[in-house]
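Participant: Residue 4 in numbering that gives the first Met the number 0 sits at position 5 of the sequence shown, and the numbers go up by one each step.
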Amino acid sequence: MEVKLTKSFSEKISMQKPIKKVKVTRFLITVNVLGSAGPLRFVVSENDKVASVVDTALKQYAREGRLPILSSNINDFFLYSATDGIDALGPLDSIGSLRVRNFILCKRQKHVMTKERAHGIAQNGKGGWIAWLIKSFNFRIHSH
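This is the structure in structure tokens:
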């Protein structure tokens with residue numbers, strides 16, 4: 000007669016190696032949105048990616064009902080460090096790698112190149128801007 004000794008679930012867990020707790024540093028950041036009245040402040044983890052920080056900032060901005068109204072697409076924005084604001088941060092960069100707490104959120108500029116604009120740029124100071132100005136005002140006299 001064989002006797003099987005089975006251990007309960009709690010006994011099995013107590014015999015396992017203890018799980019190491021990884022300490023994740025969280026800190027408060029300030030994000031200034033260009034054109035907005037004041038900064039956004041929220042807590043992030045040092046391992047958070049820049050893309051998730053931009054997403055959180057846009058959600059908080061919309062939740063607070065701030066103006067001007069911004070799109071919710073994170074690809075339409077750049078995040079810069081307030082102290083080293085020369086280059087935008089990459090979307091896959093870790094927010095804690097910079098060791099800064101202040102950031103600037105800027106909307107990505109979309110430049111549409113039209114034939115008229117390209118021609119005006121090609122003129123390069125040869126009086127093309129005057130023609131462009133007159134054409135843009137489009138002086139017409141309307142009769143009633």
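Glycine is no exception: its CB is placed at the ideal position from the N, C-alpha and C atoms.
In this text, all values refer to a predicted model and were calculated from it rather than measured experimentally.
Within 10 angstroms of the Cβ of E94, are there 16 or more other Cβ atoms? Answer buried if so, exposed if not.
Facilitator: Note on identity: in this sequence residue 94 is Ile, with Glu being the wrong assignment. Answer is buried; the Cβ neighbour count reaches 16.
Participant: Taking a contact to mean a Cβ-Cβ separation below 8 Å, would you say L57 touches S71 in this structure?
Facilitator: Result yes, Cβ atoms of L57 and S71 sit closer than 8 Å.
Participant: Would you mind stating whether R65 and S35 have Cβ atoms separated by less than 8 Å?
Facilitator: In this structure, S35 lies closer than 8 Å to R65 by Cβ.
Participant: Answer with buried or exposed for I28, where buried requires no fewer than 16 other C-beta atoms within 10 angstroms of its C-beta.
Facilitator: That one is buried.
Participant: Given 7 Å as the limit, tell me if F76 has its C-beta closer than that to any heavy atom belonging to the ligand HEM.
Facilitator: Absence of the ligand HEM from the depicted structure is noted, as is the absence of any ligand whatsoever, leaving it without description.
Participant: Just to confirm, is the Cβ distance from L104 to V42 under 8 Å?
Facilitator: No, Cβ-Cβ distance for L104 and V42 is not below 8 Å.
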